[in-house]
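Chemist: Submitted below is the structure of interest, expressed as structure tokens.
4 protein chains.
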Amino acid sequence: MVGYAFMGRVHSQAWRSVGAFFDLPVSPAMTALAGRSPERTAEAARTLGWASVETDWKNLLTREDVHLVDICTPGDSHAEIALAALEAGKHVLCEKPLANSVAEAEAMAEAARAAAARGVRSMVAFNYRRVPAVALARRYVAEGRLGEIRHVRGVYLQDWIVDPEFPLVWRLQKDKAGSGALGDIGAHVIDTAEFILGDRLTGVSGLTETFVKERPYAGDSAGLTGQGRSDGKGPVTVDDAALFLGRFSGGAIASFEATRFAAGRKNALRIEVSGSLGSLTFDFESLNELWYHDHTLPAEDSGFRRILVTEAGHPYAGAWWPPGHGLGYEHTFVHEVRDFLEAIGEGTDPTPSFEDGLHVQRVLAAVERSAAEDSRWTTV
Amino acid sequence: MVGYAFMGRVHSQAWRSVGAFFDLPVSPAMTALAGRSPERTAEAARTLGWASVETDWKNLLTREDVHLVDICTPGDSHAEIALAALEAGKHVLCEKPLANSVAEAEAMAEAARAAAARGVRSMVAFNYRRVPAVALARRYVAEGRLGEIRHVRGVYLQDWIVDPEFPLVWRLQKDKAGSGALGDIGAHVIDTAEFILGDRLTGVSGLTETFVKERPYAGDSAGLTGQGRSDGKGPVTVDDAALFLGRFSGGAIASFEATRFAAGRKNALRIEVSGSLGSLTFDFESLNELWYHDHTLPAEDSGFRRILVTEAGHPYAGAWWPPGHGLGYEHTFVHEVRDFLEAIGEGTDPTPSFEDGLHVQRVLAAVERSAAEDSRWTTV
Amino acid sequence: MVGYAFMGRVHSQAWRSVGAFFDLPVSPAMTALAGRSPERTAEAARTLGWASVETDWKNLLTREDVHLVDICTPGDSHAEIALAALEAGKHVLCEKPLANSVAEAEAMAEAARAAAARGVRSMVAFNYRRVPAVALARRYVAEGRLGEIRHVRGVYLQDWIVDPEFPLVWRLQKDKAGSGALGDIGAHVIDTAEFILGDRLTGVSGLTETFVKERPYAGDSAGLTGQGRSDGKGPVTVDDAALFLGRFSGGAIASFEATRFAAGRKNALRIEVSGSLGSLTFDFESLNELWYHDHTLPAEDSGFRRILVTEAGHPYAGAWWPPGHGLGYEHTFVHEVRDFLEAIGEGTDPTPSFEDGLHVQRVLAAVERSAAEDSRWTTV
Amino acid sequence: MVGYAFMGRVHSQAWRSVGAFFDLPVSPAMTALAGRSPERTAEAARTLGWASVETDWKNLLTREDVHLVDICTPGDSHAEIALAALEAGKHVLCEKPLANSVAEAEAMAEAARAAAARGVRSMVAFNYRRVPAVALARRYVAEGRLGEIRHVRGVYLQDWIVDPEFPLVWRLQKDKAGSGALGDIGAHVIDTAEFILGDRLTGVSGLTETFVKERPYAGDSAGLTGQGRSDGKGPVTVDDAALFLGRFSGGAIASFEATRFAAGRKNALRIEVSGSLGSLTFDFESLNELWYHDHTLPAEDSGFRRILVTEAGHPYAGAWWPPGHGLGYEHTFVHEVRDFLEAIGEGTDPTPSFEDGLHVQRVLAAVERSAAEDSRWTTV
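These protein sequence lines map, in sequence, to chains A, B, C and D.
At position 191 of the first sequence the residue is numbered 191 (full-length UniProt numbering), and the sequence of numbers has no breaks.
At position 210 of the second sequence the residue is numbered 210 (full-length UniProt numbering), and the sequence of numbers has no breaks.
At position 359 of the third sequence the residue is numbered 359 (full-length UniProt numbering), and the sequence of numbers has no breaks.
At position 247 of the fourth sequence the residue is numbered 247 (full-length UniProt numbering), and the sequence of numbers has no breaks.
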């Protein structure tokens with residue numbers, strides 16, 4: 001096994017922990033870490049526990065001791081690496097969003113389908129699916145406890161660029177990042193909602209906004225157009241926030257919001273689902289909790305209950321601590337790696353697939369198109 | 001003073017309490033209660049404390065001891081009564097929504113303007129403005145504590161018709177109710193948001209849905225088209241839920257939802273406002289609380305704080321109990337009556353004005369138009 | 001009927017509201033208000049709606065149109081008035097704590113028993129029993145939903161004297177107030193816990209503390225010992241806070257706290273009850289909620305659920321608004337008056353009885369005795 | 001470095017993670033794992049990542065490549081191992097409670113003092129001190145933000161033995177476990193409170209209870225007295241719950257509870273601290289939050305604020321993720337190891353010291369003594 005990890009710590013941590021906590025059909029090895037700088041990659045490999053380094057990712061593909069490539073590069077290189085790795089017969093775990101365009105994502109999904117036929121597996125890393133509470137939410141919906149789903153309310157709220165003096169980092173530049181809050185965190189809330197429902201958005205009506213239109217150049221922005229400006233500022237070319245309404249194929253209606261301007265909200269991926277028999281609500285800022293309302297109880301006895309998702313019978317939780325001893329953000333990555341290794345060992349296709357990643361890409365594109373055309377309804 | 005109260009208890013309670021708790025420039029009298037049934041109106045007047053009864057509301061307008069008419073009838077008679085009352089020189093307090101159409105509301109707003117020139121006052125009864133926490137939210141925004149407003153998230157969630165066997169009451173019939181969740185509770189969340197911001201929506205993109213398209217006839221639905229159907233059911237002709245996106249003139253972007261299908265949510269009028277310097281959040285199900293995030297504090301010290309809006313210095317609260325002893329739903333009406341009587345006594349125009357009510361009507365109409373036209377952006 | 005109300009507004013409000021919201025076997029009349037100052041009493045009667053005034057409470061006892069005396073005077077006159085009123089055949093509603101000593105309370109309880117034999121009713125005004133959520137908690141325990149009760153955690157937290165410059169008001173002087181936080185708010189949390197459990201404390205171990213031992217004289221403290229001191233301060237002679245452990249006759253163990261020094265807690269009467277089959281928790285600062293954990297559910301599905309105690313089937317709530325429209329502090333008094341009038345009409349003895357009030361007095365005395373004797377266990 | 005870990009996963013995880021996330025003056029090595037069974041220890045070492053195994057812990061003390069012994073055995077062997085390890089010049093990290101008696105703890109504390117003089121370090125593993133929110137609470141108190149501390153409310157609530165059919169495991173037998181809830185979880189809440197306050201309890205008044213006095217023998221209880229009983233049950237010889245009141249040397253008064261009978265509470269280590277200038281509250285079931293009330297703000301603006309303790313400037317948090325991405329239970333162990341290694345590297349004595357562990361032992365003993373003597377006040 002191998003990771004190719006610019007994200008470094010989170011994924012290294014996941015590879016190291018997974019074997020200690022889960023019985024796995026194949027064992028994870030930390031074979032090689034790839035990076036451009038020989039010194040920094042070697043240092044990272046040492047600290048994080050990788051056995052060897054590569055400075056050209058292509059070398060990973062020719063090594064026989066490498067069976068899996070974990071792609072944590074920025075979105076503009078996902079397609080190239082993933083296509084080559086699948087071609088070389090390596091399993092691929094690819095960070096989200098799958099790509100920077102629908103066209104790239106389509107090519108990747110097609111390559112993944114072809115590779116699967118040869119027993120080569122692929123997965124897109126929507127890690128929030130692996131929060132135990134989110135997985136429990138999906139289980140509840142799948143078991144029919146919520147009945148017919150009527151409503152989804154999904155938001156992903158952050159606040160790290162509220163200050164207009166926050167610099168023009170690459171995530172605020174369209175040529176680098178593809179889009180802003182929409183692609184970065186909107187993608188997560190879309191996937192999480194679709195995962196919980198086991199259903200897909202069929203159409204959307206969107207609106208995007210850039211509140212702070214110019215920002216000071218960051219130290220790392222050398223070479224950007226307009227840098228010569230005397231005020232030291234340049235244009236923000238992505239959305240600060242995106243709102244959209246949507247419809248699911250099963251009849252639910254939905255509203256979504258992704259923003260980096262929700263002062264006081266740090267990482268509030270929140271989803272509320274209302275059905276004919278019950279409701280659920282989740283907030284990543286309280287990640288060990290799922291709130292459930294059982295609408296089949298007498299009204300006098302019912303209310304949203306706070307389930308601490310730390311019981312042995314809860315998804316993933318049984319591998320860890322006694323009830324009430326919570327997990328954190330990094331465990332989503334451990335669970336992700338575990339599920340991928342399990343699928344490889346069992347010879348099944350893991351989810352979310354590249355096809356799932358492509359679908360999210362199409363939703364993002366539909367939102368942008370709708371926003372550009374007076375919010376008119378746009379089919380995904 | 002006089003009330004014309006089919007709503008009965010809530011308003012009667014308000015008229016009775018207001019004098020005991022607030023110093024008022026004019027004193028409230030419970031002069032006459034109007035109703036169609038002589039027996040029921042007399043009984044209600046006795047129980048609720050009104051001094052006399054009328055079975056024709058027009059008689060109220062000719063009585064010299066009646067100075068104010070409180071219109072709590074269904075929306076289809078608001079315009080007729082209000083126009084006549086203003087013409088007769090009576091102050092008018094009118095339930096929301098102001099009317100069943102923009103045209104009616106325009107006529108009423110014009111009549112109110114003309115009446116105001118003669119010292120006759122009018123007010124539309126968006127009572128949630130008078131929740132102390134909502135009034136405090138407005139104060140915070142007005143004081144600039146939130147800086148520039150970026151986001152509004154407003155929902156009004158109820159669940160009383162989740163059961164498909166819930167009958168086809170008048171509120172589910174367009175000819176009687178005008179619209180469904182949109183006009184009934186969507187109107188409240190629109191007004192509350194505009195009140196807190198001191199700003200108005202300029203455009204919307206909407207979507208409406210009727211989940212349960214047919215319901216059993218209620219006992220009180222005699223005469224409705226289709227009642228002869230053998231299955232005892234008839235069509236629901238209003239929305240069960242309405243979602244819309246919007247923009248405020250000051251630059252904020254917003255999402256709104258009004259639904260009667262949010263299982264487990266009983267009366268969740270919720271608003272979150274995010275600004276460049278802080279944020280606020282309110283939920284009527286916890287009506288004595290306002291949550292405030294001060295974004296000017298160091299990040300390490302900040303977080304949403306739960307302000308119990310029961311201090312002497314809080315809006316309205318000083319007239320009631322010591323800190324921590326909460327108020328309830330009915331007090332919104334007491335405060336409403338108090339503010340109206342104060343305005344009459346001081347010779348000023350109270351808010352929300354009929355003009356404000358007309359504006360909400362226009363937003364509702366724009367949402368319906370947008371929903372009918374593929375969610376395209378629609379100017380208010 | 002009649003009220004004798006120095007508390008004024010709350011009780012007047014209760015008398016006025018009760019008839020409008022509840023069907024009553026006897027109707028409440030606001031016959032006479034008694035007070036020492038002719039002017040102030042007359043003014044209060046006018047504002048609050050009482051038909052006549054008395055400046056000597058003894059006159060109330062000779063009036064034939066007065067059937068009930070509502071005693072809201074400070075604790076040092078409860079016994080005298082109540083004994084005389086019961087003797088005169090008037091029903092008595094007496095504020096809590098019942099008296100300033102066990103001896104007085106014993107005399108009152110005996111008089112109440114004797115009066116009851118003649119059809120004269122009495123009730124002590126532990127109003128928190130009439131919060132719908134508290135009454136629902138009792139119902140749950142009585143229905144056996146919690147199984148055997150193991151634990152009670154009761155606190156009553158306020159913070160109005162945290163500032164050491166807060167003046168030496170009468171409530172901080174033992175000769176006037178009897179005790180401090182213990183008798184004022186500790187009495188409430190004791191009664192509320194015993195009410196919910198339907199059980200009584202049999203022994204306690206206590207500790208009391210006065211954090212701020214001297215305070216500036218208040219304007220209204222003329223005549224107190226030591227007023228001549230040059231620093232303008234005098235001694236606080238009551239407890240600022242009291243903690244105690246206890247045992248209930250049914251086997252539950254308990255901890256209690258009453259304090260006026262819990263910065264940030266305004267009126268936090270909180271009770272958590274843990275049983276073998278479930279648990280409950282209540283906080284008056286969120287008075288419309290009861291949190292219930294059903295321990296008979298699978299662990300994976302269970303958690304504390306927030307029941308909004310606003311359903312038609314909940315205690316008292318059916319008389320008011322639709323679900324989710326909360327009540328406030330004053331409604332506890334309306335419910336109290338309602339229950340008393342119902343008992344009078346039905347010829348039954350209302351609760352809490354003077355006997356119940358006497359028991360609370362005994363618990364308070366046992367806590368003080370234990371605190372004075374090295375916290376040793378003290379039988380109630 | 002070395003760990004001697006029967007607890008296995010948690011501590012192994014901590015040793016592995018600490019180097020990747022923190023800059024350390026000495027690097028952690030996973031040199032040897034000790035256990036009685038050769039097979040099971042070898043298997044554990046392989047899975048968890050230890051380089052070698054020992055089946056006699058004494059061998060650890062003679063190995064030159066072992067510098068530190070991490071004692072995770074049951075309490076009855078702590079003293080023997082720790083004394084030998086310190087004597088052998090090994091640094092010692094010892095699980096809590098430090099020992100099973102005050103006498104043992106005294107010997108250990110004395111040995112630790114002597115060892116420290118030779119540069120050999122020791123630490124007792126009260127891991128909850130390393131929750132970022134708990135460390136932040138201590139910082140706030142130390143900075144004087146809470147002013148003079150008046151109140152502490154500490155509970156540690158679990159519910160894993162509510163069912164009377166839960167078997168008689170070793171933790172319910174006094175000869176094995178020393179005490180029940182008191183020593184197991186009461187020790188944690190005592191240490192956490194003393195850590196936050198930077199102060200110590202000077203006296204207590206206690207009460208203990210065993211609700212279920214007999215339980216079925218567990219499979220692992222062979223050889224216990226009374227096992228021959230025909231009903232297959234034996235006596236529970238430890239407390240199910242312990243309550244106590246206390247006083248801190250700085251003047252604060254406190255109440256504590258430790259129980260395994262709080263149905264619905266899974267791992268609720270909760271502490272509320274009230275001071276003259278502010279208050280704090282923490283609950284391990286929401287471990288990434290600290291609630292803070294700033295009493296110096298105007299009452300109208302103040303309330304408990306929910307600080308997400310995930311900012312770069314918060315204790316430990318800066319080593320991990322961006323704001324809002326929470327940590328879990330295991331990170332308390334990573335932080336613990338980090339702090340110990342830092343102290344070793346810097347040549348300072350880490351905390352909590354064995355002296356701190358001895359003090360907690362004395363509090364536990366005082367509670368038991370008080371409970372046995374009618375709850376009379378008992379000096380620590």
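Ideal placement from N, C-alpha and C gives every residue a C-beta, glycine not left out.
Please read these numbers as outputs of a predicted model, since none were measured by experiment.
(1) When you compare only the Cα positions, how much space is there between Arg260/C and Ile271/B?
(2) Measure from the C-beta of Glu104/A to each C-beta in chain C and report whether the shortest distance is under 8 Å.
(3) Can you check whether the CB of Leu136/A is closer than 8 Å to the CB of Leu290/A?
(4) If you draw a straight line from the C-alpha of Met108/A to the C-alpha of Leu364/A, how long is it?
(5) Could you list which residues in chain D have their beta carbon closer than 9 Å to that of Asp184/C, in chain order?
(6) Take the Cβ of Lys266/C as the centre, count every other Cβ of all protein chains shown within 10 Å, and call the residue buried at 16 or more, exposed below.
(7) Below 9 Å on C-beta distance, what does Arg150/C contact in chain D?
(8) Might you give, ordered along the chain, the residues of its own chain that have their beta carbon closer than 6 Å to the beta carbon of Ala312/D, omitting 5 neighbours on each side?
(9) Give the single residue among Glu64/B, Val189/B, Val18/B and Gly251/B whose Cα lies nearest to the Cα of Thr31/B.
(10) Is the beta carbon of Ser179/B sitting closer than 8 Å to the one on Val124/B?
(11) Tell me whether Pro352/C is buried or exposed, calling it buried when 16 or more other Cβ atoms sit within 10 Å of its Cβ.
(12) Secondary structure at Gly206/A, three-state DSSP: helix, strand or coil?
(13) Please identify, using Cβ separations under 9 Å, the residues of the stretch 307 to 323 of chain D that lie next to chain A, in order along the chain.
(14) Quick check: is the beta carbon of Asp374/C nearer than 8 Å to any beta carbon in chain D?
(15) Quick one: grab the DSSP three-state call for Phe304/D.
(16) Whose C-beta lies closer than 6 Å to the C-beta of Glu194/C among residues of the same chain, with five residues either side of it excluded?
(17) Any beta carbon from chain A within less than 8 Å of Gly275/B's own beta carbon?
(18) Entirely within the UniProt domain "GFO/IDH/MocA-like oxidoreductase" (136 to 280) of chain C and at least 4 residues each: give me those alpha helix (DSSP H) ranges in chain order.
(19) Compare the C-alpha of Asn59/A against each of Phe21/A, Ser274/A and Gly35/A and name the closest.
(20) Show which residues of chain C have a CB atom less than 7 Å away from the CB atom of Tyr329/B.
(21) Does the distance from the C-beta atom of Arg362/C to that of Val102/C stay below 8 Å?
(22) Got a sec? Which residues, its chain only, sit under 6 Å from Ala222/D by beta carbon, not counting five neighbours each side?
(23) Anything in the stretch 294 to 307 of chain C with a Cβ closer than 8 Å to a Cβ of chain A? List those residues in chain order, please.
(24) Under a Cβ-count criterion, where at least 16 other Cβ atoms within 10 Å of its own Cβ denotes burial, should Ser205/D be classed as buried or exposed?
(25) If you draw a straight line from the C-alpha of Asp163/A to the C-alpha of Thr281/D, how long is it?
(26) Are there any heavy atoms of the ligand COA lying less than 7 Å away from the beta-carbon of Leu280/C, as far as the coordinates show?
(27) Any chance the stretch 250 to 257 of chain C sits against the stretch 229 to 236 of chain C, with 3 or more Cβ pairs inside 8 Å?
(28) Can you tell me which of Leu48/D, Asp294/D and Asp23/D puts its alpha carbon nearest to the alpha carbon of Ala263/C?
(29) Do you know whose CA, among Glu346/A, Val337/A, Ser370/A and Phe354/A, lies nearest Leu68/A's CA?
(30) Taking the Cβ atom as the reference point for each residue, do Pro97/B and Gly324/B lie within a distance shorter than 8 Å?
(31) Does DSSP put Met30/C in a helix, a strand or coil?
(32) What residues from the stretch 45 to 58 of chain C come within 8 Å of chain D, judged by C-beta to C-beta, listed N to C?
(33) Just how far apart, CA to CA, sit Val120/D and Trp50/D?
Modeler: With the given structure in hand:
(1) On the third sequence, residue 260/C is found 260 positions in, with the first residue counted as 1. On the second sequence, residue 271/B is found 271 positions in, with the first residue counted as 1. Per the coordinates, the alpha-carbon of Arg260/C lies some 33 Å from the alpha-carbon of Ile271/B.
(2) As a working note, residue 104/A is residue 104 in the first sequence. Under the Cβ criterion of 8 Å, Glu104/A is not counted among the residues facing chain C.
(3) Start at 1 with the first residue of the first sequence, and residue 290/A comes out as number 290. Start at 1 with the first residue of the first sequence, and residue 136/A comes out as number 136. Less than 8 Å divides the Cβ of Leu290/A from the Cβ of Leu136/A.
(4) The residue given as residue 108/A occupies position 108 in the first sequence. The residue given as residue 364/A occupies position 364 in the first sequence. C-alpha separation (whole angstroms): 17 Å.
(5) Taking the first residue of the third sequence as 1, we reach residue 184/C at position 184. Near Asp184/C there are no residues of chain D at all, since even the closest Cβ is about 17 Å away, more than 9 Å.
(6) As a working mapping, residue 266/C is identified with position 266 in the third sequence. Buried is the call here.
(7) Position 150 of the third sequence holds residue 150/C. Result: Val162, Glu209, Phe211, Asp240, Ala241, Thr259, Phe261, Ala262 and Ala263.
(8) Walking along the fourth sequence from the start, residue 312/D turns up at place 312. Contacts found: Gly318.
(9) If you number the second sequence from 1, residue 31/B lands on position 31. Closest by alpha carbon: Glu64/B.
(10) The residue given as residue 179/B occupies position 179 in the second sequence. The residue given as residue 124/B occupies position 124 in the second sequence. Contact flag unset, no.
(11) Locating residue 352/C in the third sequence gives position 352, where the first residue counts as 1. Residue burial is scored here from C-beta neighbours: Pro352/C has at least 16 other C-beta atoms within 10 angstroms and is therefore classed as buried.
(12) Looking up residue 206/A in the first sequence gives position 206. The answer is strand: DSSP assigns Gly206/A an E or B state.
(13) Of all residues in the stretch 307 to 323 of chain D, only Leu308, Thr310, Glu311, Trp320, Trp321, Pro322 and Pro323 place a beta-carbon less than 9 Å from a beta-carbon of chain A.
(14) One-based indexing of the third sequence puts residue 374/C at position 374. Residue-level contact check: Asp374/C touches chain D, since one or more beta carbons of chain D fall below 8 Å from its beta carbon.
(15) Residue 304/D sits at position 304 when you count from the first residue of the fourth sequence. Judged by DSSP in its simplified three-state form, Phe304/D adopts strand.
(16) Numbered from its first residue, the third sequence carries residue 194/C at position 194. Sequence-distant Cβ neighbours of Glu194/C in its own chain, meaning closer than 6 Å and more than five residues away, are Arg200.
(17) The sequence position of residue 275/B within the second sequence is 275, counting from 1. Taking Cβ atoms only, chain A reaches closer than 8 Å to Gly275/B, which makes this a yes.
(18) Correct list: 174 to 177 and 187 to 197.
(19) The count along the first sequence starts at 1 and reaches residue 59/A at position 59. A check of alpha carbon separations from Asn59/A across Phe21/A, Ser274/A and Gly35/A identifies Gly35/A as the nearest.
(20) Within the second sequence, residue 329/B is the residue found at index 329, counting from 1. Those within 7 Å of Tyr329/B in chain C are Trp321, His325 and Gly326.
(21) The count along the third sequence starts at 1 and reaches residue 362/C at position 362. The count along the third sequence starts at 1 and reaches residue 102/C at position 102. For the pair Arg362/C and Val102/C, the CB atoms are nearer than the 8 Å cut-off.
(22) Locating residue 222/D in the fourth sequence gives position 222, counting from the first residue. Bear in mind that a pLDDT of 46 at Ala222/D, under 50, signals an unreliable position, so the model cannot answer this.
(23) Taking 8 Å as the upper bound on Cβ-Cβ separation, chain A lies near residues Pro298, Ala299, Glu300, Asp301, Ser302, Gly303, Phe304, Arg305, Arg306 and Ile307 of the stretch 294 to 307 of chain C.
(24) Your numbering for residue 205/D matches position 205 in the fourth sequence. Ser205/D is buried by the Cβ-count criterion.
(25) As a first step, residue 163/A is located in the first sequence; it is residue number 163 there, counting from the start. As a first step, residue 281/D is located in the fourth sequence; it is residue number 281 there, counting from the start. Rounded to the nearest angstrom, the two C-alpha atoms are 30 Å apart.
(26) This structure simply doesn't include the ligand COA, nor any ligand for that matter.
(27) Because the criterion of three Cβ pairs below 8 Å is not met, the stretch 250 to 257 of chain C and the stretch 229 to 236 of chain C do not touch.
(28) Sequence index remark: in the third sequence, residue 263/C carries index 263 (1-based). Closest by C-alpha distance to Ala263/C, out of Leu48/D, Asp294/D and Asp23/D, is Asp294/D.
(29) The sequence position of residue 68/A within the first sequence is 68, counting from 1. The shortest C-alpha separation from Leu68/A is found at Val337/A.
(30) Locating residue 97/B in the second sequence gives position 97, counting from the first residue. Locating residue 324/B in the second sequence gives position 324, counting from the first residue. Taking C-beta atoms as the reference points, Pro97/B and Gly324/B fail to come closer than 8 Å.
(31) As a working note, residue 30/C is residue 30 in the third sequence. Reduced to three states, the DSSP call for Met30/C is coil.
(32) When CB distances to chain D are screened at a threshold of 8 Å, not a single residue of the stretch 45 to 58 of chain C falls below it.
(33) Translated into the one-based positions of the fourth sequence, residue 120/D becomes position 120. Translated into the one-based positions of the fourth sequence, residue 50/D becomes position 50. For Val120/D and Trp50/D, the gap between their C-alpha atoms comes out near 23 Å.
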